[in-house]
Amino acid sequence: MILLSDYQPPDWRVEALELRFELDPEDTRAHSRLRVRRRDGSAPGAPLRLHGRDLQRLSIAVNGAEPSPGGCVEDREGLLLSGLPDVAEIAIETRIRPDANTALEGLYVSGGSLCTQCEPEGFRRITYFPDRPDVLTRYRVRLEADAARYPVLLANGNRVDAGSLPEGRHYAVWEDPFPKPSYLFALVAGDLACVADRFTTRSGREVALEIYVEHHNRERCAHALASLQRAMRYDEEAFGREYDLDVYMIVAVDDFNMGAMENKGLNLFNAKYVLASPDTATDDDYVHIESVIAHEYFHNWSGNRVTCRDWFQLSLKEGLTVFRDQEFTTDCTLFGVKRVDDVQRLRAFQFPEDAGPLAHPVRPDRYAEINNFYTMTVYEKGAELIRMLRTLIGRDAFRRGLDRYFQRFDGQAVTTDDFVTVMAEVSGRDLAQFQRWYTQAGTPQVTARTRFDAQAGVLQLDLAQRTPPTPGQHEKDPLQVPVRVALLGRDGRRLSARLGGAPEAAEWVLELTAGEQSFQLRGLREPPAAVSWLRGFSAPVLLEAGQGTDELAHLVANDDDAFARWDAAQTLLRRAVIARVEDAVDPTLEAALTTAMAALLEDSAVEPVLLAALLELPAHRELMESFERADPVAVDQARRAVEQSLFAPLAERLSARAPERARWDDGAFTAEAMGERRLLNRLLAVRVAAGAEGALQEAARQYHEARSQTLAMGALAAVNESAECVRGELLADLEHRYRHDPLVLDKWFALESASQVGDGFARLERLLEHPGFRWSNPNRVRAVLGPFMAQNHRHFHRVDGAGYQRIAGYLERLDALNPQTAARLVIPLTRWRRLDEARSARMRASLEELAGKGLSKDLADVVERGLA
Ligand code: PHE
Ligand code: ZN
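Count along the sequence shown starting at 1, add 36, and that's the number in the numbering used here.
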């Protein structure tokens with residue numbers, strides 16, 4: 037176990053690093069030359085730790101001589117060099133086999149290319165080095181390879197030299213002027229097309245932008261390139277951050293464990309987040325590509341120029357960078373509905389994590405395997421903390437704080453404490469209590485009640501908070517929770533009032549800091565018809581305000597905060613599903629919902645994109661969290677039953693409201709067009725779910741006529757739970773048409789694996805035997821196993837446990853190739869505590885069986901925490 041409290045600054049600095057690679061898939065030689073210097077203040081005689089993993093060491097020399105046997109000791113972590121003078125030059129040669137690297141960490145092969153992935157601890161699989169983020173140094177990298185097979189040779193920074201070598205080989209030399217930790221190192225060698233453009237920074241630096249892809253994909257890079265340019269401009273305008281090298285490169289690879297990686301000047305991307313054309317990528321894909329491109333670009337400051345002292349500080353770069361990419365997508369692409377999408381994701385994925393056996397603080401204080409801490413909590417909840425800081429100190433102070441943070445810590449490796457300290461400084465506020473958000477796990481539960489004193493015109497708001505215990509943290513302290521509220525009058529408009537001594541306003545941020553606390557809004561001339569709570573989702577909490585159906589319906593009809601309006605609808609929908617799960621169908625509630633939805637469908641002032649979101653039921657995963665224990669199949673059925681009963685009476689209105697299909701079927705990347713398509717697809721799905729007449733035929737027509745993939749996929753998603761033969765026909769067509777296109781084929785795999793109709797086990801087996809299936813490709817494996825667990829409730833959760841057993845078997849097999857991906861995919865098997873007793877016991881048994889199998893450290897860590 038690695039503990040935060042054990043952190044020690046490095047005893048040695050690396051003053052310069054020269055790397056030379058003789059690249060070859062079967063036999064790569066890495067020559068490394070480090071100049072190290074004992075750090076002032078380090079323990080006298082302290083040895084130098086060089087991490088190394090699965091390396092074949094060919095030679096090592098210290099100041100030109102082989103070290104004595106005692107001076108260079110090999111252990112589980114790598115090498116320990118002792119007896120060094122205060123300054124030393126170390127030369128090491130290692131041999132690596134990229135073609136045997138299926139874990140996709142370190143140097144590996146994807147397609148015909150050689151590429152690297154070093155974050156967090158992949159560099160130690162390339163050469164011996166102090167592989168920790170607080171050791172920063174300048175890199176000079178020389179790459180040598182066969183010129184015909186690998187015409188493109190890339191590394192971080194600027195290319196300073198290139199030329200040919202005997203025997204058909206060539207070389208390139210790259211220098212990165214910015215000191216960086218080893219996790220930001222990257223190299224690529226391949227036969228790739230380069231799609232290029234330029235960007236001029238606001239201070240006049242000319243930057244070459246280059247996207248490298250396989251030749252046949254060169255027509256699919258325009259969106260990624262345009263996204264990069266928008267992100268660069270946005271970072272200058274919204275955050276005052278400018279790019280700092282002469283070239284910015286992005287390389288797309290098919291085999292990648294994560295979304296993308298922010299290596300200095302040379303991002304590596306999962307091809308899924310680069311390649312797009314209207315007929316192969318949906319609007320969601322376009323939006324994700326834009327946001328991942330922006331995310332990695334924004335890391336150039338939040339992550340690369342200012343990096344993390346240690347991996348416990350991961351959220352320092354990830355929470356902040358997610359916050360920055362969310363702002364970008366909000367301001368440039370999705371506007372109001374972005375917050376709805378993000379909260380939906382947070383509730384469906386982060387809240388369950390925070391309530392389950394894998395719960396951990398945004399800044400963890402211990403880990404067994406750091407790969408397993410690239411989580412929704414570190415990323416998404418981390419971003420919520422940044423947003424709360426902005427709410428608490430105000431936008432101006434926040435912006436000044438960011439400037440000061442980047443200026444003060446440029447070139448350093450720092451902590452989340454450093455970040456919050458700067459925010460406290462610029463705002464003059466005491467943020468000591470706020471720091472608990474970083475150290476305390478679990479989602480706070482906030483309850484809210486109101487009392488109106490008509491005589492005095494005062495609304496009293498009584499708030500209370502409680503955070504449930506999480507593994508290793510039984511007692512919780514109250515947090516500082518910003519609760520943004522407004523009041524709506526009978527006419528649906530906001531009411532003005534005064535909070536404390538502040539001037540009259542129509543929206544307030546209540547700062548809940550105690551376990552229980554009351555606030556008064558004064559000067560109200562009429563009783564509020566509804567309280568709009570937690571506007572903009574001002575804090576990542578579960579808020580329960582005990583509001584009645586009428587009050588919530590009033591918010592659904594009138595709230596001017598898109599999030600709060602959507603959330604009111606979600607609360608009503610959630611109640612309706614819960615009632616059905618508990619066999620207590622609530623006809624009044626469902627009728628009220630139908631009325632509210634009917635009114636929304638008639639209201640032309642509701643934007644299409646928001647309407648689409650308002651018509652959506654809470655996700656299955658989120659609904660499961662409403663119960664101590666639940667039968668997942670019953671929850672799915674209840675959810676579908678509510679959808680049907682709610683929308684069946686609205687069939688005509690649903691068709692009447694549908695946007696004109698031909699007009700919007702163009703794949704245009706504008707908020708308006710994407711909103712219309714989202715509504716089109718949602719209305720179609722709802723009509724199919726409600727069993728509306730002709731809806732299936734309409735879906736088939738939409739699929740066949742679609743020019744944009746958004747509408748084709750919308751049609752497929754709508755019919756995927758239908759037992760009619762149209763489903764099979766459309767899916768077979770998709771498979772055939774896109775059999776040579778891995779990204780679209782992944783969607784076919786996902787749809788097949790998700791569907792609950794027919795024999796899901798037989799289908800799953802067919803998918804795994806499909807000629808396009810490869811255990812070594814994470815996207816493909818995720819496309820098959822992920823949806824099966826997340827959506828195919830009938831099969832995954834079969835009462836006899838057959839679904840769990842199968843998955844456990846597949847994960848054991850995957851683990852032998854790719855531990856990191858196996859450790860992510862096992863997470864659904866850790867949720868056994870929340871299932872009904874029969875399933876719970878069977879899921880646990882499968883997990884226990886898996887635990888006995890000699891697993892990788894990655895998978896064993898998750899399985900063990902899942903069982904604890
Ligand atoms: N640092 C990457 C990001 O969030 C994620 C990543 C982590 C990629 C580990 C690869 C390996 O942008
Ligand atoms: Zn990131």
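Ideal placement from N, C-alpha and C gives every residue a C-beta, glycine not left out.
GLU298 Cβ short of 7 Å to the ligand ZN heavy atom set: Of the heavy atoms belonging to the ligand ZN, at least one sits nearer than 7 Å to the Cβ of GLU298.
- request: Helix, strand or coil for THR866, going by three-state DSSP, please let me know.
  value: In the three-state scheme derived from DSSP, where H, G and I count as helix and E and B as strand, THR866 is classed as helix.
- prompt: Using the C-alpha atoms, what's the distance from ALA127 back to ASP378?
  reply: The C-alpha of ASP378 lies about 48 Å from the C-alpha of ALA127.
- prompt: Any idea what DSSP makes of VAL577, helix, strand or coil?
  reply: Assigned with DSSP and collapsed to three states, VAL577 falls in coil, not helix or strand.
task: Starting from LYS374, trace the beta strand (DSSP E) both ways and give me its first and last residue.
output: Element bounds for LYS374: not the beta strand (DSSP E) but the alpha helix (DSSP H), 373 to 381.
field: Endpoints, alpha helix (DSSP H) assigned at GLN841
entry: Its alpha helix (DSSP H) spans residues 838 to 853.
task: Go through the segment 218 to 304 residue by residue and report every complete run of the beta strand (DSSP E) that reaches 3 residues or more, in order.
output: Fully enclosed beta strand (DSSP E) runs of 3 or longer: 223 to 226, 229 to 236, 242 to 249, 283 to 289.
- request: Report yes if the CB atom of ARG174 is closer than 8 Å to the CB atom of PRO213, and no otherwise.
  value: Yes, the pair counts as a contact, with Cβ atoms nearer than the cut-off.
- prompt: Any idea if CYS761 is buried or exposed, counting beta-carbon neighbours within 10 angstroms, 16 or more meaning buried?
  reply: Exposed: under 16 other Cβ atoms inside 10 Å.
- prompt: Between the segment 532 to 541 and the segment 505 to 520, do three or more beta carbon pairs fall short of 8 Å?
  reply: With a cut-off of 8 Å, the segment 505 to 520 and the segment 532 to 541 do not count as touching, because too few Cβ pairs lie within range.
- prompt: What did DSSP end up calling ILE126 once you bin it into helix, strand or coil?
  reply: Strand at ILE126.
- prompt: Between LEU720 and LEU787, what straight-line distance do the alpha-carbon atoms span, to the nearest angstrom?
  reply: Distance between the alpha carbons of LEU720 and LEU787 is about 17 Å.
message: Once DSSP output is grouped into helix, strand and coil, what is the label at GLY822?
response: Here GLY822 sits in helix by DSSP.
query: Alpha carbon to alpha carbon, how far is ARG723 from ALA632?
result: Rounded to the nearest angstrom, the gap between the Cα atoms of ARG723 and ALA632 is 17 Å.
message: Quick check on the burial criterion: 16 or more other C-beta atoms within 10 angstroms. Buried or exposed for MET660?
response: With 16 or more Cβ atoms within 10 Å of its Cβ, MET660 is classed as buried.
- prompt: To the nearest angstrom, how far is it from the Cα of SER789 to the Cα of SER218?
  reply: Here the C-alpha atom of SER789 lies approximately 39 Å from the C-alpha atom of SER218.
- request: Under the assumption that MET424 contacts ALA575 (Cβ atoms under 8 Å), give the Cβ distance between them as a whole number of angstroms.
  value: About 6 Å separates the beta carbon of MET424 from that of ALA575, a gap short enough to meet the 8 Å contact definition.
message: Within the continuous alpha helix (DSSP H) that includes GLU354, where are the two ends?
response: Element bounds for GLU354: 350 to 365.
For PRO518, three-class secondary structure by DSSP: In the three-state reduction of the DSSP assignment, PRO518 falls in the strand class, which pools E and B.
- prompt: First and last residue of the alpha helix (DSSP H) that includes VAL196?
  reply: Where VAL196 is concerned, there is no enclosing alpha helix (DSSP H), although the beta strand (DSSP E) it sits in stretches over 194 to 201.
message: Quick check: the Cα distance between ARG616 and LEU686, rounded to an integer number of angstroms?
response: If you take the alpha carbons of ARG616 and LEU686, they lie about 20 Å apart.
- prompt: Is GLU354 near the ligand ZN, going by C-beta to nearest heavy atom under 7 Å?
  reply: Inclusion of GLU354 in the 7 Å shell around the ligand ZN follows from its C-beta lying nearer than that to a non-hydrogen atom of the ligand.
field: According to DSSP, residues forming a beta bridge with GLN509
entry: Bridge pairing for GLN509: THR506 [DSSP].
- prompt: Shortest alpha-carbon distance to TYR309 belongs to which of ALA225, ASP320, GLY301?
  reply: When only C-alpha atoms are compared, the closest one is ASP320.
- prompt: In terms of residue numbering, what span does the alpha helix (DSSP H) encompassing LEU720 cover?
  reply: Per DSSP, LEU720 belongs to the alpha helix (DSSP H) from 707 to 725.
- prompt: What is the DSSP secondary structure of SER41, counted as helix, strand or coil?
  reply: Helix.
query: Thinking just about the alpha-carbon of each residue, which of THR138, ARG133, HIS87, GLY81 is nearest to the one in GLN951?
result: Limits of the chain in this structure are 37 at one end and 904 at the other, which puts residue 951 out of reach.
- request: Identify every run of the alpha helix (DSSP H) within the segment 746 to 777, keeping only runs that are complete inside it and at least 4 residues long; order them along the chain.
  value: Correct list: 761 to 773.
message: Under 8 Å, with one C-beta from each stretch per pair, do the segment 246 to 260 and the segment 284 to 300 reach the 3-pair mark?
response: Put simply, the segment 246 to 260 touches the segment 284 to 300. At least three CB pairs are less than 8 Å apart.
message: Comparing C-alpha positions only, which one of ALA904, ASN717, ALA384, ARG178 sits nearest to ALA30?
response: One cannot answer for residue 30 here, as it falls past the ends of the chain, which runs 37 to 904.
task: Tell me, please, which residues DSSP counts as bridged to TRP48.
output: TRP48 pairs with ARG74.
- prompt: Closest by CA to GLY81, which one among ARG56, VAL123, GLN92?
  reply: Per the Cα distances, VAL123.
- prompt: From what residue to what residue does the alpha helix (DSSP H) around TYR415 run?
  reply: TYR415 -> no alpha helix (DSSP H), and no H or E assigned at all.
task: Out of THR549, GLY572, ARG526, GLU652, state which residue places its alpha-carbon closest to the alpha-carbon of GLU587.
output: Among THR549, GLY572, ARG526, GLU652, the Cα nearest to that of GLU587 belongs to ARG526.
task: For the segment 436 to 456 and the segment 599 to 614, state whether three or more C-beta atom pairs, one from each stretch, are separated by less than 8 Å.
output: Result no; under three Cβ-Cβ pairs closer than 8 Å.
field: Nearest-angstrom beta carbon gap, GLU211 and ASN194 [assumed within contact, 8 Å]
entry: The pair is a contact, with the Cβ atoms about 6 Å apart (cut-off 8 Å).
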